[in-house]
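Chains as they are written, first to last, in the working numbering: chain Y, 1 to 293; chain F, 1001 to 1280.
Virtual Cβ for every residue (Gly too), placed ideally from N, Cα, C.
Here the structure is a predicted model, which is why all the values come from computation and not from measurement.
Contents: one structure, followed by commentary.
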Amino acid sequence: MEKRVVFKNKVLPYLLLAPQIIITLVFFIWPATQAIYQSVLQEDAFGLSRIFVGLDNFKYIFSDRIYYNSIYVTAIFSFSVAAISMSVALMLAVMADRAIRGATTYKTLIIWPYAVAPVVSAVLWYFLFNPTVGMIAFFLKSIGVDWNYALNGTQAMLLVIISAAWREISYNFLFFLAGLQAIPKSFIEAAAIDGASPAKRFWTISFPLLSPTVFFLIVMNIVYAFFDTFGVIHAITEGGPNEATNIMVYKVYHDGFLGLDLGGSAAQSVILMVVVISLTVIQFRYIERKVHY
Amino acid sequence: MVEHRPWLTVVTHAILILGCLIIAFPIYITFVASTHTLDEITSSFPIFPGSHLLENYIRALSVGPRDLGATVGTMMLNSLIMALGISFGKIFISLLAAFAIVYFKFRFRMFFFWLIFITLMLPVEVRILPTYKVAADLNLLDSYSGLIFPLIASATATFLFRQFFMTVPDELCEAHRVDGGGPIRFFFDILLPMSRTSIAALFVILFIYGWNQYLWPLLITTDESYYTLLIGIQRMLAVGDQQAEWNIIMASAMLAMIPPVLVVIFMQKQFVKGMTETEK
């Protein structure tokens, strides 16, 4: 796609692009190449010596039980966040799409938590589940659950999943509702006249037509769970207890910033980069082209 | 709809109300906790607002939490500066870049386009240490420029404006040129006023994005006077074995939510437009 009418100027376009390009080069491209470069080096924490070690950092990572644990934890975490927030959001969106009266009010009431930062959402749920001051923790104890996420890895995982999923419901709701409202009402009405029940209409008409939205949201939710939930982990569990919530992004930060294992952290960054690039490519290629009816 | 199912309508509303309540519950409890004293919070589980609202908020805003060295007022100001800096910065440089890409033909145009595109694939989370090092080398640690500049390159904003510019009829540009106008006049007199709604939609999204930044400020601020509110809240929580000051933390959490939530509620139309257009 190109404009038919363009301005002719030798210098101006470069000047206009300069701010964006300079920022991109200095803060994006250069650090990314540095990460790749460091991932093949072994450096001591003071920067006094560095030696080229080839793929040793990667070999080490992929022989490390803790890294496999981190991959596993990340997978469980992102799958759960996506599944919980998407299913709740879909149900609410279907209901809001039905409720002609009050639909806008419900919409406002459901979408605003999107504005709450992940870390603030973490603080809210941390408070509720806190063993000493939390209302839900108290309730759980009173029904006989031995609740202490600081010691129990499964409970810690549950807490970060709830914190991360709660806020994401709004995001998914917004896209599901937009998707549902784009489905021509005549399809649904025709099916209703033929005697199809609301549930059947949903599963045979609305849901298939929503599939592009579903695939899009799966990718976006995975990206969110992988990268934007750093604050949730950092504020509540710091990867613990015993690595139970040590998601990959947190591990990069922890190993590099606190553990000062520069090469190892850089190698993990490179692995994450590959993940983002694949997700972006899937989003742009696969979703835009293939999932259409 | 062609059918009448009163029961289903009742169920629909019941589920929606239940959903809204579950979504609002943690915020309500936060608000309640922010109106009690620490003793009241730790000794019982208050579910109705108490009488210490003003006391807690004033203390948070002007004195600040124990041992932190910065007031919530200062940290809110830092968050605001960062959020506004990021949103205006991103909008500004993206408008210029999109204008160059759409309205000019020049060497390496596609190369630059791809260079901008690549930033989509490099979130700060995957280049934590090297970006920190660049910021340190450029003397940007503990400064507003450090909080803002590394985050203002944006592929999404550039694409949004590019897409919008492509829909602007060529005749406008042609007429402008026939009248002897140059590119800069065209940009300010025609393109910018026409982009108002896109800019507003983008502003809402970017303000929330900027306000809610966490990892980057965490890395580059060690001086309390540059803490953003979100970093401050995390610091208040991380008190080790001491009792966290929940009343102040909860008041701060409320204050951290209010600006972006107000923006979403009052600019809902722009928010929804921004969300659906930048992401898809």
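Count the other C-beta atoms from every protein chain shown that fall within 10 angstroms of the C-beta of W1114 (chain F), then say buried if there are 16 or more, exposed otherwise. When all chains shown are included, W1114 (chain F) counts as exposed.
Does W147 (chain Y) have its Cβ less than 8 Å from a Cβ in chain F? no
With a threshold of 8 Å between beta-carbons, can W203 (chain Y) be considered close to chain F, or not? no
Could you give the DSSP three-state label for E1243 (chain F): helix, strand or coil? According to the sequence as given, residue 1243 (chain F) is Gln; it is not Glu. Three-state DSSP puts Q1243 (chain F) in coil, outside helix and strand.
Top-ranked residue by Cα proximity to M1275 (chain F), from Y:A18, Y:T74, Y:F79, Y:F173: Y:F173
Report yes or no: do three or more beta-carbon pairs, one from the segment 197-212 of chain Y and one from the segment 107-122 of chain Y, lie closer than 8 Å? no
Please determine if the segment 1067-1079 of chain F and the segment 1185-1205 of chain F are in contact, where contact requires at least 3 C-beta pairs separated by less than 8 Å. no
Looking at the unbroken alpha helix (DSSP H) that takes in I236 (chain Y), where does it start and where does it end? The continuous alpha helix (DSSP H) containing I236 (chain Y) extends over residues 230-236.
Does the pairing of the segment 81-100 of chain Y with the segment 1008-1016 of chain F give three or more beta-carbon distances under 8 Å? Verdict: yes, contact present.
Taking the Cβ atom as the reference point for each residue, do I1047 (chain F) and V1032 (chain F) lie within a distance shorter than 8 Å? yes
How many Å lie between R1059 (chain F) and P1065 (chain F) at the Cα? 8 Å
Element boundaries [beta strand (DSSP E), containing E43 (chain Y)]: 41-43 is the extent of the beta strand (DSSP E) around E43 (chain Y).
Taking all protein chains shown into account, decide if S13 (chain Y) is buried (16 or more other Cβ within 10 angstroms of its Cβ) or exposed. A small fix is needed here, since residue 13 (chain Y) is Pro in this sequence, not Ser. That one is buried.
Taking only three categories from DSSP, how would you classify R101 (chain Y)? coil
Under 7 Å Cβ-Cβ, which residues of chain Y neighbour V1272 (chain F)? L174
Hey, which unbroken runs of the alpha helix (DSSP H) at 4 residues or more fall wholly within the segment 82-140 of chain Y? 103-111, 118-129
Please say whether L1237 (chain F) and I1249 (chain F) have beta carbons closer to each other than 8 Å? yes
Distance check for V1011 (chain F) and I1148 (chain F), CA to CA, integer angstroms please. 48 Å
Starting from the C-beta of I1205 (chain F), find all residues in its chain whose C-beta is less than 8 Å away, skip the five residues before and the five after it, and write them out in chain order. F1271, G1274, M1275, T1278
With DSSP run on the structure shown, which of helix, strand or coil describes F52 (chain Y)? strand
With burial defined as no fewer than 16 other Cβ atoms inside 10 Å of the residue's Cβ, what is the status of F227 (chain Y): buried or exposed? buried
Cβ-Cβ distance between I222 (chain Y) and S78 (chain Y) below 8 Å: yes
Any chain F beta carbon closer than 8 Å to R50 (chain Y): no
Just checking: is the beta-carbon of K141 (chain Y) within a distance shorter than 8 Å of some beta-carbon in chain F? no
By a C-beta neighbour count over all protein chains shown, 10 Å radius and 16 as the cutoff for buried, is H254 (chain Y) buried or exposed? Per the 10 Å Cβ criterion, buried.
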